[in-house]
Each structure stands twice: as C-alpha cells, then as structure tokens.
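For the sequence shown, numbering that gives the first Met the number 0 begins at 0 and goes up steadily by one. Here is the structure we will look at, set down as structure tokens.
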Amino acid sequence: MSLITWTQEQFGTNVGFADNEHKDIFASLNKLYDLATGGADRSEIGAELDNLINIVVEHFAHEEREMEAKGFGGLAAHKAEHDALVSTCADLQAKFKAGQADVTEETGAMVKSWLENHIPTFDFAYSDALNS
Ligand code: FEO
Numbered sequence: 000m001s002l003i004t005w006t007q008e009q010f011g012t013n014v015g016f017a018d019n020e021h022k023d024i025f026a027s028l029n030k031l032y033d034l035a036t037g038g039a040d041r042s043e044i045g046a047e048l049d050n051l052i053n054i055v056v057e058h059f060a061h062e063e064r065e066m067e068a069k070g071f072g073g074l075a076a077h078k079a080e081h082d083a084l085v086s087t088c089a090d091l092q093a094k095f096k097a098g099q100a101d102v103t104e105e106t107g108a109m110v111k112s113w114l115e116n117h118i119p120t121f122d123f124a125y126s127d128a129l130n131s
C-alpha cells in the first residue's frame with residue numbers, strides 16, 4: 000500500500016502546476032519508501048532519494064516564483080517552511096552518502112506528515128492569489 004495518496008479533497012490546491020508537481024512528489028516518496036522498506040540496494044535508494052530532493056527543491060522554487068510574481072504576502076513564512084524541510088533533507092542526504100544514516104520508515108512518516116500539514120495549511124493559502 001502506498002505511503003501517501005493524492006486526493007483532490009485532501010490536497011487539491013486549485014492551482015494546476017502545484018497539483019501536478021505534488022503528485023510527482025508523492026509518487027517519488029512512495030517509490031523511495033517502498034525501496035527503503037523493501038530491502039532494495041543502497042544505490043537504488045540513494046538514487047531515488049536524490050530524485051525526490053531534486054523535484055522537491057524545483058517545486059518549492061516554482062511556488063516561490065509564482066507567489067513573488069503575484070505579490071503574495073505570505074511568501075516569507077511559506078519560504079521559511081520550505082527552507083526548513085530542504086535543510087532536513089539535505090542533512091539526511093549527506094549522512095546517507097557518508098553511510099551514517101539510512102532512509103527508514105520514520106523518514107517516510109516524517110515527510111508524509113510534513114506534506115499533510117504543509118499543503119492544506121500553506122499551499123491552500125496561495126490558491127486565490129495565484130489564480131487572480
Ligand atoms: Fe507545495 Fe509549499 O509546497
């Protein structure tokens with residue numbers, strides 16, 4: 000069973016690019032989780048971890064550009080949330096590459112929980128501004 004499932008009710012922002020990118024992030028997170036909890040090779044897990052972090056970083060930058068273009072007032076607080084997750088992920092990535100950390104069930108649960116809070120709280124808030 001997938002770690003996280005995108006539904007319009009729980010995660011729909013009414014902003015097309017954001018919904019599409021969120022779906023890609025969910026797919027990568029689910030793949031990473033399945034590899035990490037299914038005994039895959041460390042090289043495969045590392046490759047998917049890199050892919051997930053890349054698409055998350057690109058997605059955050061995309062949202063921030065759109066919020067800035069619309070003069071959205073919530074940009075600074077929103078960006079701070081993004082930066083905190085990127086920092087956590089970059090730390091894990093460095094430790095994974097150094098053989099000092101693994102991707103675990105807890106890693107998946109942490110990212111899932113972050114998305115379940117962030118999208119409805121922060122991403123929903125830009126919906127009107129980005130559609131104006
Ligand atoms: Fe879709 Fe603010 O992350």
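Ideal Cβ placement from N, Cα and C applies to all residues, glycine included.
- Contact between histidine 21 and glutamate 80 fails: their C-beta atoms lie close to 15 Å from each other, not under 8 Å.
- A heavy atom of the ligand FEO is found nearer than 6 Å to the CB of glutamate 62.
- Beyond the five residues adjoining it in sequence on each side, alanine 100 comes within less than 7 Å, by CB distance, of Leu91 and Lys94 in the same chain, given in chain order.
- Aspartate 122 is classed as buried because its beta carbon has at least 16 other beta carbons within 10 Å across all chains shown.
- Beyond the five residues adjoining it in sequence on each side, arginine 64 comes within less than 7 Å, by CB distance, of no other residue in the same chain.
- Shortest gap from the CB of phenylalanine 71 to any heavy atom of the ligand FEO: 6 Å or more.
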